[in-house]
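See structure below.
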Amino acid sequence: MSANLVATGGRLDFYFTGLGSGTSWRFAAAQIELGDVMTPYQRVTSNFDITETGVESVSYAAFDLVDDALTTGAIAGGLTGQAFVAGDGGCYVSDLAVAAGGTFSIGGTSHNWTGAAPGILRAVTGDTGRVLDAMIREGTFTEDEIARLERYYRALGGKGLLVPGPELIVNGGFDTDTNWNKQGGWTISGGQAHVDSSVGGSTYLRQGTSIPDATYEITLDVTSFTSGILRVAAGIQTGLLQVAGTGTYTGYVTAKEAGGVGIYAYASSTVASIDNISVRRLIPREEL
Amino acid sequence: MSWSTVLIIPAALLDKANLLGAALGYGPESYTVPIPSDGEATHYGAHTLASAEFFDLFLAAQSGSLPPIDWSAAGLTEGDVLAVLAALVVSAPGSPLDPEGMSHASPSEHFAAAVAGLEG
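Heads up: the protein sequence lines correspond to chains A and B, in order.
Take the first sequence: its position 283, counting from 1, is numbered 283 in the working numbering, and each next residue is one higher.
Take the second sequence: its position 84, counting from 1, is numbered 84 in the working numbering, and each next residue is one higher.
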């Protein structure tokens, strides 16, 4: 048997020759592609339902990483436990406390979920916005449960548990005035870094080289805060975590460029002091 | 068919824009992204995948033909609706509103480009 494909007036017709009379044939899985390299067959039911030969089908929720959010109904008795979220970029487990009658949310403008630090959804989805699963439970997941879930979602094309890699910052305690790339307005003294951006305008304090599309876990103590805005930045100004008061902050920042990781005095009136900064890349643990 | 769509409204019209969104069935709080993201917001934004029906409604409303909704029950006047529509910035490349527009790699890049266009 042979088949020919003929384009006729905007329509494609298949012509078969060599079919014996009285023989029935089933013809399926036709795929027409430009070029001379055939790719795996895809069945496209809709933009959101595409099946490809050799690729496991997955169900997922797609977040736009702008403002999409999902919220549960009220959890009558509340919950003290953990959340497990899996996505294209990896899995993550975070502690969770929901008051009686409260809700659990995922997404939103802070790109996280209830109880998790801002920006974590970008890391878990690998910046695709695809969440393969989100579950919450009373109590904690055992290591065995997490490992089983990891294996399942890795088999579906996801990645394993996201864990912080090695510390990337040298002299994060500001014990000496070394290692840091300081722009105007930043000083290091007394075991802390201080900024007064009225001296040098909007400036940064940073070190290292950020990797585009990598997500970093950044923690720092803001020991004093008078005015302005500090941004935790990966790259030059692509930070998500904003700081506007004293306290200990943790956030996840996805770099868009190779510009170092650090703190950016965003407003020209920023006066603050910081200490104990830690920056670690978030990596699926199978890639450590 | 749906298209990545960014909607941006001046902060002064936020309440009325949210009332309009609710009246059209999109829920009580459509615009949740403050612009700029630090300091006092001058605008608020939203991203959605909008259908052809949305653009039909929007284009008709822009030409003065509002859908048959009891605006007073929604807490609005027709004047409010027209004021919101006049101030609303809509970016939807490839859609019936902007058929020649170039799409973006992701919704977040689309949103960032729309905000940059606002600032430019």
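Using N, Cα and C, we set each Cβ at its ideal position, and we do this for glycine too.
Just so we're clear, the structure is a prediction, and the values are computed from it rather than from any experiment.
7 Å Cβ cutoff, residue i in contact with chain A
i        : result
Ala46/B  : yes
Thr5/B   : no
Thr77/B  : no
Phe58/B  : no
Phe111/B : yes
Val115/B : no
Thr32/B  : yes
Contact with chain B by residue i, beta-carbon distance below 7 Å
i        : result
Asp36/A  : no
Thr109/A : yes
Distance, residue j Cα to residue i Cα
i        : j        : result
Thr178/A : Tyr204/A : 15 Å
Leu7/B   : Ile69/B  : 21 Å
Asp56/B  : Met1/B   : 13 Å
Arg26/A  : Gly20/A  : 14 Å
Phe14/A  : His104/B : 36 Å
Lys182/A : Ala214/A : 23 Å
Ser273/A : Asn112/A : 27 Å
Ile188/A : Ala50/B  : 51 Å
Asp73/B  : Pro28/B  : Note that residue 73/B corresponds to Ala in the displayed sequence, not to Asp. In a straight line, the C-alpha of Ala73/B is about 14 Å away from that of Pro28/B.
Thr45/A  : Gly101/A : 39 Å
Pro40/A  : Thr53/A  : 6 Å
Ala202/A : Gln82/A  : Note that residue 202/A is Ser in the sequence shown, not Ala. If you take the alpha carbons of Ser202/A and Gln82/A, they lie about 39 Å apart.
Gly22/A  : Phe16/A  : 15 Å
Asp127/A : Ala69/A  : 15 Å
Glu143/A : Gly247/A : 31 Å
Ala147/A : Gly157/A : 15 Å
Amino acids of chain B, ordered along the chain, whose beta-carbon sits closer than 8 Å to that of residue i
i       : result
Leu65/A : Ser106, Pro107, Ser108
Within chain A, the residues that residue i reaches when beta carbons sit closer than 8 Å
i       : result
Val89/B : The premise fails here: Val89/B is roughly 15 Å from chain A at the closest Cβ pair, so nothing lies under 8 Å.
| task | Note down, one range per segment and in chain order, each alpha helix (DSSP H) of at least 4 residues found wholly within the stretch 166–204 of chain A. | result | 197–200
| Does the count of Cβ pairs from the stretch 165–172 of chain A and the stretch 88–104 of chain A closer than 8 Å reach three? | no
| message | Just to confirm the assignment: which complete beta strand (DSSP E) runs, minimum length 3, are found wholly within the stretch 6–36 of chain B? | response | 33–35
| Three or more beta-carbon pairs under 8 Å between the stretch 272–287 of chain A and the stretch 207–223 of chain A, yes or no? | yes
| query | Between the stretch 135–144 of chain A and the stretch 262–273 of chain A, are three or more C-beta pairs nearer than 8 Å? | reply | no
| said: Check whether the stretch 7–16 of chain B and the stretch 221–235 of chain A are in contact - that is, three or more C-beta pairs closer than 8 Å. | reply: no
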